[in-house]
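Peer 1: Quick note on numbering: the UniProt record's numbering labels position 16 of the sequence shown as 16, and the sequence is numbered without any gaps. Starting off with a structure, shown below.
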Amino acid sequence: MKTRSRMVDYTKKTATIEEVTDEILTNLINDHEYVVVFFSGPCEPGEKCDKTLNALETIDDELDETGIIFVTTEDTSIAKKLNIKTYPQLVFFRNRDPLHFTGDLEDEDEVLSWITDEETLEIPGKIEDVNIKMLDKILQRMNTLLYFSVIIFNFR
1 MKTRSRMVDY TKKTATIEEV TDEILTNLIN DHEYVVVFFS GPCEPGEKCD KTLNALETID
61 DELDETGIIF VTTEDTSIAK KLNIKTYPQL VFFRNRDPLH FTGDLEDEDE VLSWITDEET
121 LEIPGKIEDV NIKMLDKILQ RMNTLLYFSV IIFNFR
């Protein structure tokens, strides 16, 4: 079994969405600001859930570049706590708060747009650190950008 840190490193290096257990998922949600989870429920190869997951594989690399972890699970205990009754479902954990995707799961462009949207990423009351990829997306969407930088010097 992979350790949690190795698991995160592994998900960043592969082009596939890593399947995790509820235990690993709980650790990922607690340790990272942004975690997207595809709750497939019990899923056999060739079923709709499997085909949907395969379609979503195309956005996994782009999410990795923006620092967003994307995993899948067949385990249902966390899903039950989130009141998920039908599968598959996509939930974005933003600073441990679940946001449920209500669009078309089979439209990977719609899914990617929702996940990377400023409103989806915004954690109320927190100034975000962004990487270059995220900043580029923000700049593409905005006509103007207010850049505010405060430097505090500690004089002793």
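Even for Gly, the Cβ is constructed at its ideal location relative to N, Cα and C.
Let me check one thing: in DSSP terms, what residues is Ile-78 bridge-paired to?
Peer 2: DSSP, once it has assigned bridges, lists no residue as partnering Ile-78.
Peer 1: Which residues mark the beginning and the end of the alpha helix (DSSP H) in which Asp-104 is found?
Peer 2: It is not in any alpha helix (DSSP H) - Asp-104 carries neither H nor E in the DSSP assignment.
Peer 1: Determine, using beta carbons only, whether Phe-92 comes closer than 7 Å to chain B.
Peer 2: As a matter of chain content, chain B is missing from the structure shown, which is built from one protein chain.
Peer 1: How do the region 109–120 and the region 58–75 stand: do at least 3 beta-carbon pairs fall below 8 Å, yes or no?
Peer 2: Verdict: yes, contact present.
Peer 1: Does the distance from the CB of Ile-29 to the CB of Arg-94 come in under 7 Å?
Peer 2: No, the pair does not count as a contact, with Cβ atoms beyond the cut-off.
Peer 1: Given a cut-off of 7 Å, decide if Ser-40 and Thr-16 are closer than it, judged by their beta-carbon atoms.
Peer 2: In this structure, Ser-40 does not lie closer than 7 Å to Thr-16 by Cβ.
Peer 1: So, at 8 Å on beta carbons, what are the nonlocal neighbours of Leu-53 in its own chain, with the 5 sequence-adjacent residues on each side left out?
Peer 2: Here the set comprises Ile-17, Phe-38, Ser-40, Cys-43, Thr-72, Pro-88.
Peer 1: Kindly indicate which three-state DSSP category Thr-16 falls into: helix, strand or coil?
Peer 2: Thr-16 falls in the coil class under three-state DSSP.
Peer 1: Apart from the five residues just before and just after Asp-60, which ones in its own chain have a Cβ nearer than 6 Å to its Cβ?
Peer 2: Only Ile-17, Phe-70 meet the Cβ criterion.
Peer 1: Give me the residue from Leu-90, Glu-62, Thr-26 with the minimum Cα distance to His-100.
Peer 2: Nearest C-alpha to His-100: Leu-90.
Peer 1: Would you give the residue range spanned by the beta strand (DSSP E) that Ile-29 belongs to?
Peer 2: Taken as a continuous stretch (DSSP letters only), Ile-29 belongs to no beta strand (DSSP E), being part of the alpha helix (DSSP H) at 22–31.
Peer 1: Using only the alpha-carbon positions, how far apart do Val-35 and Val-111 sit?
Peer 2: Roughly 14 Å separates the two Cα atoms.
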